[in-house]
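K.L.:
The structure that follows is given in the form of structure tokens.
Protein chains in written order, with this note's numbering: chain B, 1 to 563; chain X, 564 to 872.
Dropping the structure here:
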């Protein structure tokens, strides 16, 4: 009975972050330590930079719609593609996922907040700081960094104007700050998941999203120091004149490639693992079935973490690495297909024989899975050395990567945003606009990124500002797809803004989903369950089993309905 | 909860069998389409790569279409009725299935890996490792031909120069004899470039401070594109050259005639565009590294003639 009473009184006095309360919006522009505020800060910042990065992408596709370098100068194109990649990775996808982590992890495990709230806020506020630094590089003499988001030396060390403050230096500074922010975030997420779970929530009762977030953040902690170290040496080479990577001073440019990919390949798993988590959360809800093989899906995440750290050389097959290294890293890369396959088959088995409800969130999850499987099979092709030698650094890789990062990861993020939007804003979104957004995104993604595969097979290198006329046909289609993707953002933003302002009030559990976050009011109060954390008595995803998730579940649900 | 083994009624079993047969046929057909997506194959490595890629395409088609057909099936036939708020039958897992779909992919990818390692051996892409991994000497600048390096390939920002030290010829168009294995000695004077001839299916980074020997056998006469495949700065996209594969006699004849020609500036689209920018004919953008002057060569050749791939 204590928990019932607790819920009721808590709801009454909860400082609800509901829109309409006087000056309530100001908390989003302050050094607020509430994980739910920080989560929304992350997501809003990330979506702003999605627009910036998307705009750059559309200018690039405008240039590439014809073979000649005619729309923008080559130097400008090189700056655009460098900044597009950098912004999309460091200012869109990582922040947006950290936003989801902030919103979901404490609520899902029944914690009042993150383990280190001030560190959490500091990690977030670094994002706008390095965002401004990166944007400022458009304004310095000589223009922004233009050596790609890999920033391979020696080309990244060429500083035509010789200024100390140049686009490349600002780029390295921004990336280093991003790394620091991510490490601060990772410390927080890992600690929170390990130490702050509700009573009764053993690791094997933890929602898969938390498993994948834990796995991904572990990679951050292991991998980021390598990148940061590599980047610091690059900065020294650039501004102080050391020779870590300069061949003329006895350095080795290939060393940088090792540092870079030791982190940057696992980084792809940092991105995709939480999206696997989103799929694992959504499919059971909208198929009304338990997740098939929960322990296997959870364990596969950890296997992926282990393997992700020993595959980086597959980015370097043509870099002059010895044959044994090519073979060894091909085998490890191939092995990743196994845990990934376990997950995909588990999702299919979850859907099989279910009672599917195709709302916007579910459509995005299904579309994301479709694109992910396509990216998976091209990934196997890329793992095999001889095929990789042919398509490495061609548009085939660009296509594969965008199927992962946009087709699967970003669509998974959209799915998550729609699914948890009612929970964290207290308002329902508009299904019509959502479905329009899905349709445009799904068609746009495939129009934009599929043509890159035939282009790569034909031998069109990536990062080119002009190309031979035989590549024109598929490039025109890709460009049209890119413009469609630009259009697809309109119903999305319209939906977010209008639903938050005037959407119907959301009940506590609009999807009839199982999970601690759905036992909180929508939106949840500042400290979630405060002192009345329910005791978890069974594993997640008990759809159709009739098992309650927590003690006194009926009473908590009744209290939520009455509120 | 013990799940009783699912009993398949005959119609369902037949449906499954028909679907598997169709899926296999489709996969085999897709694998056979591969040559249409790739450039002509013009080296001894190309058929091996294409064969592997065809096999992978067939496997990939099977997996992708297999998964998607399950998704289509559930979306079509496992939808909840409009007002049906109930849950589906709670199946929480099946260890036998988990083992099956762990072991089959494992065996499959390891089989692909074994096949690939064999193809790797056959292609023998890189010459002896001491060439590729020798200590980076500060001034391994061109002029010291290595054994096996019949042609010296010098990459610059942004032009390609090909030197034939024995014949005393230099060119900005690469000529290769048909059906003879030879070594290209790849060197860069500035940044990392990539030596990539799509028709040969071969690619190798050209790393400053190293001399890497790439062995290849051209197997089809014709004119092909050589592209820079590692981003090398402003005129990266324009850093292309042509490769002419011709019979041994024609090749020797070309070398003989070329050796008598006087040196003249070779091809460099970058230098040409840069000059246009300096004279104001072409707008310029951000700051750039100045292109190296076009190399002085016996034969500039062409990079605008129609090419075969």
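Glycine included, each C-beta is placed from N, C-alpha and C at the ideal position.
So, for residue 329(B): in the same chain, excluding its five sequence neighbours on each side, which residues have a beta-carbon less than 7 Å away from its beta-carbon?
P.N.:
Looking up residue 329(B) in the first chain gives position 329. The answer, listed in chain order, is 311, 313 and 314.
K.L.:
For residue 844(X), does the count of other Cβ atoms within 10 angstroms reach 16, so buried, or fall short, so exposed?
P.N.:
The residue you call residue 844(X) lines up with position 281 of the second chain. With fewer than 16 other Cβ atoms within 10 Å, it is exposed.
K.L.:
Tell me the rounded alpha-carbon separation between residue 817(X) and residue 399(B).
P.N.:
Residue 817(X) sits at position 254 when you count from the first residue of the second chain. Residue 399(B) sits at position 399 when you count from the first residue of the first chain. Distance between the alpha carbons of residue 817(X) and residue 399(B) is about 41 Å.
K.L.:
Of all Cβ atoms in chain C, is any one closer than 8 Å to the Cβ of residue 656(X)?
P.N.:
Of the protein chains in the structure, B and X, none is chain C.
K.L.:
Between the stretch 831 to 840 of chain X and the stretch 754 to 768 of chain X, can you find at least three pairs of beta-carbon atoms closer than 8 Å?
P.N.:
no
K.L.:
According to the Cβ coordinates, are residue 131(B) and residue 211(B) closer than 8 Å?
P.N.:
As a position in the first chain, residue 131(B) is number 131, starting the count at 1. As a position in the first chain, residue 211(B) is number 211, starting the count at 1. In this structure, residue 211(B) does not lie closer than 8 Å to residue 131(B) by Cβ.
K.L.:
State the DSSP-derived secondary structure class of residue 461(B), mapped to helix, strand or coil.
P.N.:
Taking the first chain and counting its residues from 1, one reaches residue 461(B) at position 461. Strand.
K.L.:
Quick check: the stretch 47 to 62 of chain B against the stretch 105 to 125 of chain B, are at least 3 beta-carbon pairs closer than 8 Å?
P.N.:
no
K.L.:
If you draw a straight line from the C-alpha of residue 492(B) to the C-alpha of residue 386(B), how long is it?
P.N.:
Looking up residue 492(B) in the first chain gives position 492. Looking up residue 386(B) in the first chain gives position 386. C-alpha separation (whole angstroms): 42 Å.
K.L.:
Closest by CA to residue 346(B), which one among 35(B), 287(B) and 230(B)?
P.N.:
On the first chain, position 346 is the one that residue 346(B) refers to. That would be 287(B), whose Cα lies nearest to the Cα of residue 346(B).
K.L.:
Residue 304(B) and residue 97(B): beta carbons closer than 8 Å?
P.N.:
Within the first chain, residue 304(B) is the residue found at index 304, counting from 1. Within the first chain, residue 97(B) is the residue found at index 97, counting from 1. No, they are not a contact pair.
K.L.:
Can you pull the chain B neighbours of residue 795(X), defined as C-beta to C-beta under 7 Å?
P.N.:
In the second chain, counting from the first residue as 1, residue 795(X) sits at position 232. Those are 155, listed as they occur along chain B.
K.L.:
Hey, could you find the ends of the alpha helix (DSSP H) residue 343(B) is sitting in?
P.N.:
Indexing the first chain from 1 puts residue 343(B) at position 343. For residue 343(B), the enclosing alpha helix (DSSP H) stretches over residues 337 to 351.
K.L.:
Helix or strand or just coil, what does DSSP make of residue 84(B)?
P.N.:
On the first chain, residue 84(B) is found 84 positions in, with the first residue counted as 1. Helix, per DSSP.
K.L.:
For a contact meaning CB atoms closer than 9 Å, what does residue 767(X) contact in chain B?
P.N.:
Stepping through the second chain from its first residue, residue 767(X) is reached at position 204. From the beta-carbon of residue 767(X), the residues of chain B found nearer than 9 Å are 318, 319, 320 and 389.
K.L.:
So residue 147(B) contacts chain X; which residues on that side make the cut at Cβ distance below 8 Å?
P.N.:
Walking along the first chain from the start, residue 147(B) turns up at place 147. Residues of chain X passing the Cβ test: 794 and 796.
K.L.:
What number of angstroms, rounded off, separates the C-alpha of residue 348(B) from the C-alpha of residue 340(B)?
P.N.:
Numbered from its first residue, the first chain carries residue 348(B) at position 348. Numbered from its first residue, the first chain carries residue 340(B) at position 340. Taking the straight line from one Cα to the other gives about 13 Å.
K.L.:
So if I threshold CB-CB distances at 7 Å, which residues from the stretch 610 to 640 of chain X count as touching chain B?
P.N.:
611, 612, 615, 616, 619, 623, 626, 627, 630, 631, 633, 634, 637 and 638
K.L.:
Would you verify that the beta carbon of residue 741(X) is, or is not, closer than 8 Å to some beta carbon of chain B?
P.N.:
Residue 741(X) sits at position 178 when you count from the first residue of the second chain. Answer no: the Cβ-Cβ gap between residue 741(X) and chain B never drops below 8 Å.
K.L.:
Identify every residue that forms a DSSP beta bridge with residue 766(X).
P.N.:
Your numbering for residue 766(X) matches position 203 in the second chain. In DSSP, residue 766(X) forms a bridge with 759(X).
K.L.:
Looking at the unbroken alpha helix (DSSP H) that takes in residue 493(B), where does it start and where does it end?
P.N.:
Indexing the first chain from 1 puts residue 493(B) at position 493. It spans 472 to 502 - the alpha helix (DSSP H) in which residue 493(B) sits, taken as one unbroken run.
K.L.:
In terms of residue numbering, what span does the beta strand (DSSP E) encompassing residue 740(X) cover?
P.N.:
Indexing the second chain from 1 puts residue 740(X) at position 177. For residue 740(X), the enclosing beta strand (DSSP E) covers residues 737 to 740.
K.L.:
At a Cβ threshold of 8 Å, is residue 858(X) touching chain B?
P.N.:
The residue you call residue 858(X) lines up with position 295 of the second chain. The beta carbon of residue 858(X) sits no closer than 8 Å to any beta carbon of chain B.
K.L.:
Looking at the structure shown, is residue 858(X) part of a helix, part of a strand, or coil, going by DSSP?
P.N.:
The residue labelled residue 858(X) in the question sits at position 295 within the second chain. Residue 858(X): coil per DSSP, three-state reduction.
K.L.:
Cβ of residue 158(B) less than 8 Å from any chain X Cβ?
P.N.:
By one-based count along the first chain, residue 158(B) stands at place 158. So yes, residue 158(B) belongs to the interface.
K.L.:
Indicate the three-state DSSP secondary structure (helix, strand or coil) for residue 405(B) in the structure shown.
P.N.:
Residue 405(B) sits at position 405 when you count from the first residue of the first chain. DSSP places residue 405(B) in helix when its eight states are reduced to three.
K.L.:
With a cut-off of 8 Å, does the C-beta of residue 790(X) fall near any C-beta of chain B?
P.N.:
Stepping through the second chain from its first residue, residue 790(X) is reached at position 227. It does; some Cβ of chain B falls within 8 Å.
K.L.:
Using the beta-carbon count (16 or more within 10 Å), is residue 248(B) buried or exposed?
P.N.:
As a working note, residue 248(B) is residue 248 in the first chain. Classification of residue 248(B): exposed, given that the 10 Å Cβ count is below 16.
K.L.:
Tell me whether the stretch 518 to 531 of chain B and the stretch 109 to 116 of chain B touch, counting them as touching only if at least three CB pairs, one residue from each stretch, are closer than 8 Å.
P.N.:
yes
K.L.:
Which residue's Cα is closest to the Cα of residue 440(B): 428(B), 489(B), 450(B) and 473(B)?
P.N.:
The count along the first chain starts at 1 and reaches residue 440(B) at position 440. Looking at the Cα atoms, 489(B) is the closest of the given residues.
K.L.:
Scan the stretch 484 to 518 of chain B for residues whose Cβ lies nearer than 8 Å to a Cβ of chain X and list them as they occur along the chain.
P.N.:
512
K.L.:
If you draw a straight line from the alpha carbon of residue 269(B) to that of residue 228(B), how long is it in whole angstroms?
P.N.:
Reading the first chain from its first residue, position 269 is the one you call residue 269(B). Reading the first chain from its first residue, position 228 is the one you call residue 228(B). One C-alpha to the other measures close to 18 Å.
K.L.:
Please report the residue range of the alpha helix (DSSP H) in which residue 132(B) lies.
P.N.:
Translated into the one-based positions of the first chain, residue 132(B) becomes position 132. 117 to 136 is the extent of the alpha helix (DSSP H) around residue 132(B).
K.L.:
Could you name the residues that DSSP lists as bridge partners for residue 803(X)?
P.N.:
Within the second chain, numbered from 1, the residue matching residue 803(X) stands at position 240. Answer is 790(X).
K.L.:
Can you tell which of 855(X), 814(X), 635(X) and 798(X) has the C-alpha that lies nearest to the C-alpha of residue 77(B)?
P.N.:
On the first chain, residue 77(B) is found 77 positions in, with the first residue counted as 1. The candidate whose alpha carbon is nearest that of residue 77(B) is 798(X).
K.L.:
Is the CB of residue 593(X) under 8 Å away from at least one CB in chain B?
P.N.:
Against the second chain, residue 593(X) aligns to sequence position 30. Output row for residue 593(X): interface = no.
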